[in-house]
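Engineer:
Number of protein chains: 2
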Amino acid sequence: MSQIILPRVLPLSKRLIEQTVLQGEVVVDATAGNGNDTKFLAEHVGEEGHVFAFDIQQQALDSTAERLQALTERVTLVLDSHAHVDKYVQAPIGGAMFNLGYLPYSDDLSIITKPDTTIEAIHKLLGLLKKDGMITIAVYDGHEGGKEEREALLQYVTKLHQVDVHVAKYELLNQLNKPPFLLAIEKLRDFDEPRMIEG
Amino acid sequence: MSQIILPRVLPLSKRLIEQTVLQGEVVVDATAGNGNDTKFLAEHVGEEGHVFAFDIQQQALDSTAERLQALTERVTLVLDSHAHVDKYVQAPIGGAMFNLGYLPYSDDLSIITKPDTTIEAIHKLLGLLKKDGMITIAVYDGHEGGKEEREALLQYVTKLHQVDVHVAKYELLNQLNKPPFLLAIEKLRDFDEPRMIEG
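These protein sequence lines are chains V and C, in that order. Going by my numbering, the letters in the first sequence line up with residues 2 to 200, in that order. Going by my numbering, the letters in the second sequence line up with residues 2 to 200, in that order.
#1: Would you give the residue range spanned by the beta strand (DSSP E) that Thr77 of chain V belongs to?
#2: Hey, how far is the Cα of Ile5 of chain C from the Cα of Val22 of chain V?
#3: Within a Cβ cutoff of 7 Å, which residues of the same chain sit near Met2 of chain C, ignoring the five residues on either side of it in sequence?
#4: Helix, strand or coil, according to DSSP, for Gln20 of chain C in the structure here?
#5: Report yes if the CB atom of Ala139 of chain V is closer than 8 Å to the CB atom of Asn178 of chain V, and no otherwise.
#6: Would you say Met135 of chain C faces chain V, with C-beta separation under 8 Å as the test?
#7: Which of the three DSSP states is assigned to Asn37 of chain C in this structure?
#8: Along the region 152-179 of chain V, what residues have a CB closer than 8 Å to any CB found in chain C?
#9: Closer than 8 Å is the cut-off here; do at least three beta carbon pairs connect the region 159-174 of chain C with the region 188-198 of chain C?
#10: Going by C-alpha to C-alpha distance, which of V:Val10, V:Thr73, V:Gly47, V:Arg16 sits closest to Ala33 of chain V?
#11: Enumerate in chain order the residues of its own chain whose CB-to-CB distance from Gln20 of chain V is below 8 Å, with the five nearest sequence positions on each side excluded.
#12: At what residues does the beta strand (DSSP E) containing Tyr171 of chain C begin and finish?
#13: Hey, does Thr21 of chain C have any beta-carbon neighbour from chain V nearer than 8 Å?
#14: In this structure, how does DSSP classify Val46 of chain C when only helix, strand and coil are distinguished?
#15: Using alpha carbons as the reference points, say which of C:Gln176, C:Phe53, C:Arg68, C:Gln91 lies closest to Asn37 of chain C.
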């Protein structure tokens, strides 16, 4: 079996985290959702590591806890907005993952991630991140409000100073089922707060 | 020195070719330009391999020959449009590279790659390509006519059947100097001509 060189977005997101997060580090799942990334992160950082998993819906945290089983001891589930990440987590963190959009199978599909809080969370996480660390953001934009979030987000990341971070956008163009695209932000030097380009 | 995980477009293009082209294979540089990719390809395929390098400007082929030096014996320089690639090259090829736009430092910057011939070349090269092979296309779109080429190209690749190929788009968003973006097409199964999605 040959390996596909151009992966789908979710496997690529995990691959980027595997390449940059070390065992024993503290990491953040900014959107716990059904716990898929939380579990992946908990396995990756190992017994000595720790995951802070945020969600604003108790239902999401319940699903995540159920999926984690024994791995729960490596995870702190936080029922709060990821915009408040700095209240719970201290620098340095090894990496962070986002899945933007709504919680799949939720009772209330009107609960979606919002541009202002998403951007606040990314901005704070970039400060908390170690040098050479990575933030991955899978962006679903097919839902109501998705386009606004996408545009605000692209505008924000495009203004991040190129000396501080690399911001890459990756997508498969020829897929019928509207998959997410990936934003990945790599921290190139130490800073407490990323600089923004004016204008 | 830590390696940057999110590379610039031209190094990523080379990395994808290195991962998929084997020593001894025949490959195509569809836009010889100043010979940068031609030289890279000639080095990569080795003594037993061969490169067909196309350009419609004699000036480009002269620059390429000069850059190649002793590697010239591994390369056939073709003064013709890459749209006629099937007149010169037989299947299977290991990979192909494009740099779209105008020839840097050319005497005549009005000579640019054109959407119709670019797409015809890609379509033929996909047929010639081995299974698991890759075509990389660095797209500069800042010049006159660049936007039209970009749009036609994106429309074409988006219609390539997802069972036949993966089409990925990669770009660094926060760069001040308007770098190119990358299209990479990976051939997932054998075919003589790629299928297109209707509509």
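Ideal Cβ placement from N, Cα and C applies to all residues, glycine included.
Structural biologist: Looking at the atomic coordinates:
#1: 76-80
#2: 14 Å
#3: Model confidence at Met2 of chain C stands at a pLDDT of 42, short of 50, so the residue's coordinates are unreliable and nothing is read from them.
#4: Gln20 of chain C: helix per DSSP, three-state reduction.
#5: no
#6: yes
#7: helix
#8: Leu155, Val158, Thr159, Lys160, Leu161, His162, Gln163, Val166, His167, Val168, Ala169, Lys170, Tyr171, Glu172, Leu173, Leu174, Asn175, Gln176, Leu177
#9: Yes, they touch.
#10: V:Thr73
#11: Met135
#12: 166-173
#13: Output row for Thr21 of chain C: interface = yes.
#14: helix
#15: The candidate whose alpha carbon is nearest that of Asn37 of chain C is C:Arg68.
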